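Peer 1: In the numbering used here, the protein residues as written are 320 to 388.
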C-alpha cells in the first residue's frame with residue numbers, strides 16, 4: 320500500500336476503515352462502586368481506557384474458568 324492510499328486520520332477515528340475487529344455499542348449498567356473498581360484496576364495496570372480494562376478482566380476471568388486458553 321502506498322502512502323496516498325492509506326486512510327485519513329478522520330476515517331480511522333470514525334471507524335470507516337476495514338478492521339478485523341467487530342465493533343458494537345452496548346450500554347453497561349453498574350453501580351458506582353463497580354465503576355470505581357474498574358477505574359482502580361485501569362489505573363493500576365496502566366490501561367488507556369475502560370474498554371481495555373474490561374477486556375483484560377473478562378479475558379483473564381475466562382482463563383481462570385478454563386473457557387479460554
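Note that the Cβ used here is the ideal one computed from N, Cα and C, for glycine as well.
This structure is a prediction, so every number in the text was calculated from the model and none was measured.
What separation, rounded to the nearest whole angstrom, lies between the Cα atoms of residue 376 and residue 355?
Peer 2: The count along the chain shown starts at 1 and reaches residue 376 at position 57. The count along the chain shown starts at 1 and reaches residue 355 at position 36. Near 14 Å, if we compare the C-alpha coordinates of residue 355 and residue 376.
Peer 1: State the Cα-Cα distance for the pair residue 271 and residue 365, rounded to the nearest angstrom.
Peer 2: Residue 271 is absent from the model: the chain starts at 320 and stops at 388.
Peer 1: Just to confirm before moving on: does the CB-CB distance between residue 357 and residue 346 stay below 8 Å?
Peer 2: Here residue 357 refers to the residue found at position 38 of the chain shown. Here residue 346 refers to the residue found at position 27 of the chain shown. Cβ distance not < 8 Å, so residue 357 and residue 346 don't count as in contact.
Peer 1: Within a Cβ cutoff of 7 Å, which residues of the same chain sit near residue 381, ignoring the five residues on either side of it in sequence?
Peer 2: Here residue 381 refers to the residue found at position 62 of the chain shown. Cβ neighbours of residue 381 beyond the five flanking positions: 387.
Peer 1: Straight-line CA distance for residue 371 to residue 360?
Peer 2: Working through the chain shown from its first residue, we reach residue 371 at position 52. Working through the chain shown from its first residue, we reach residue 360 at position 41. Straight-line Cα distance between these residues: approximately 10 Å.
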